[in-house]
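All remarks here apply to the structure that follows.
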Amino acid sequence: MRKPLIAGNWKMNTTLEEAKSLVRSIINELDGTDSVETVLCPPFISLAAVKELLRGTSIELGAQNMYLEDKGAYTGEISPVMLTDLCDYVIIGHSERRQHFFETDEVVNKKVKKAVASGPKPIVCVGESLEDNEAGKTEQVITNQVKAGLAGISPISELVIAYEPIWAIGTGRAATGKQANATISLIRDIIANIWNRQTAETVRILYGGSVTGNNIAEFIAELNIDGALVGGASLKSSEFVSIVKQTANLKSIR
Ligand code: PGA
64 MRKPLIAGNW KMNTTLEEAK SLVRSIINEL DGTDSVETVL CPPFISLAAV
114 KELLRGTSIE LGAQNMYLED KGAYTGEISP VMLTDLCDYV IIGHSERRQH
164 FFETDEVVNK KVKKAVASGP KPIVCVGESL EDNEAGKTEQ VITNQVKAGL
214 AGISPISELV IAYEPIWAIG TGRAATGKQA NATISLIRDI IANIWNRQTA
264 ETVRILYGGS VTGNNIAEFI AELNIDGALV GGASLKSSEF VSIVKQTANL
314 KSIR
């Protein structure tokens with residue numbers, strides 16, 4: 064049985080004070096939903112303050128990125144070692160990092176290796192562009208990204224994968240539950256082929272891309288979808304809390 068996971072990716076939003084106030088209202092509204100693992104991923108500069116506020120709650124903390132070396136002359140970067148004490152999770156290979164910061168599958172793979180060895184647990188993102196989707200290349204693109212991103216990784220049971228079609232991110236045009244489930248099943252099959260079926264059944268795979276309180280039920284109803292990586296809707300506490308609570312309710316009946 065895979066425990067559902069809902070992670071909020073705040074991206075480059077919230078000042079320190081805004082982050083603290085958002086966390087306070089999420090804690091107030093959410094208390095005691097332990098059947099869903101809930102993770103907040105604020106900007107780096109707010110991690111320490113948010114961690115303080117989360118103390119004593121079951122809500123966990125995640126970073127949005129990290130560098131692939133432990134320390135050294137890498138001005139402006141944040142190392143996995145710095146994050147280990149602070150965070151439970153780190154998002155790696157988000158499509159915005161691939162697109163705006165030129166992260167290749169090779170870089171993603173190095174970061175995932177680092178995170179598995181000495182950093183927080185990785186949430187590894189994969190997803191196809193609209194162009195690839197319309198050209199019928201989703202399967203090929205996702206297979207390549209998963210194989211390249213996870214090459215040589217061991218163990219993988221604590222690793223989380225997020226399937227985030229680029230055309231669905233921030234567009235209000237979410238995939239359907241069936242579409243997302245089909246690609247997520249494909250990802251599980253790829254993992255089963257590389258490792259084995261038993262391992263594949265333990266890895267949690269999330270959907271991400273325009274998830275809201277209105278459509279979360281459609282994704283959670285699908286057997287292969289273990290939760291969501293939520294962007295825009297995670298910046299509104301009532302919306303995010305609704306996503307977590309619906310997940311908790313639906314999970315108990317599926
Ligand atoms: P969105 O972002 O929910 O705003 O579409 C999801 C993500 O990029 O993780």
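Taking our numbering, the leading residue of the sequence shown gets 64, the next gets one more, and so forth. A virtual CB, placed ideally from N, CA and C, is assigned to each residue, including glycine. Predicted model only: the values in this text are computed from it and were never measured.
Say yes only if the C-beta of Leu-292 is nearer than 7 Å to one or more non-hydrogen atoms of the ligand PGA, and no if none qualify. yes
Leaving out five residues before and five after Ala-214 in sequence, what residues of the same chain have Cβ atoms less than 7 Å from its Cβ? Asn-172
Thr-147: first and last residue of the uninterrupted alpha helix (DSSP H) it sits in: 143 to 147
Assigned secondary structure, Gly-233 (DSSP; H/G/I helix, E/B strand, else coil): coil
Within 8 Å, strictly: CB atoms of Leu-124 and Leu-103: Going by C-beta atoms, Leu-124 is nearer than 8 Å to Leu-103.
Rounded C-alpha distance that separates Arg-236 from Ile-229: The C-alpha of Ile-229 is placed about 10 Å away from the C-alpha of Arg-236.
Taking 7 Å as the cut-off, is the CB of Asn-72 close to at least one heavy atom of the ligand PGA? yes
Please state whether the Cβ-Cβ distance between Gly-212 and Val-187 is less than 8 Å. yes
Residues in the same chain with beta-carbon distance under 8 Å from Lys-210, minus the five sequence neighbours each way, listed in chain order, please. Ile-253 and Ile-257
Just checking my contact of Gly-271 with Gln-309 at CB under 8 Å: how many whole Å lie between their CB atoms? Going by Cβ atoms, the distance from Gly-271 to Gln-309 rounds to 16 Å, so no, they are not a contact pair.
Which residues does DSSP pair with Leu-103 in a beta bridge? Paired residues: Gly-71 and Leu-124.
Is there contact here, the stretch 282 to 292 with the stretch 142 to 151, by at least three beta-carbon pairs under 8 Å? no
Along the chain, where does the alpha helix (DSSP H) that runs through Ala-255 open and close? Start and end: 240 to 257.
Say yes only if the C-beta of Ile-69 is nearer than 7 Å to one or more non-hydrogen atoms of the ligand PGA, and no if none qualify. no
Whole alpha helix (DSSP H) runs in the stretch 139 to 193 with 4 or more residues, listed along the chain? You should have 143 to 147, 158 to 163 and 168 to 181.
Compare the beta carbon distance of Val-293 and Gly-71 with 8 Å and say whether it is the shorter of the two. Yes, they are a contact pair.
If you count every other CB in all the chains shown that lies within 10 Å of the CB of Thr-167, and 16 or more means buried, which is it? exposed
Give the straight-line distance between the Cα atoms of Lys-176 and Ser-301, rounded to the nearest whole angstrom. 36 Å
Using the Cβ count rule (16 or more neighbours within 10 Å means buried), how would you classify Leu-269? buried
Secondary structure at Arg-118, three-state DSSP: helix, strand or coil? coil
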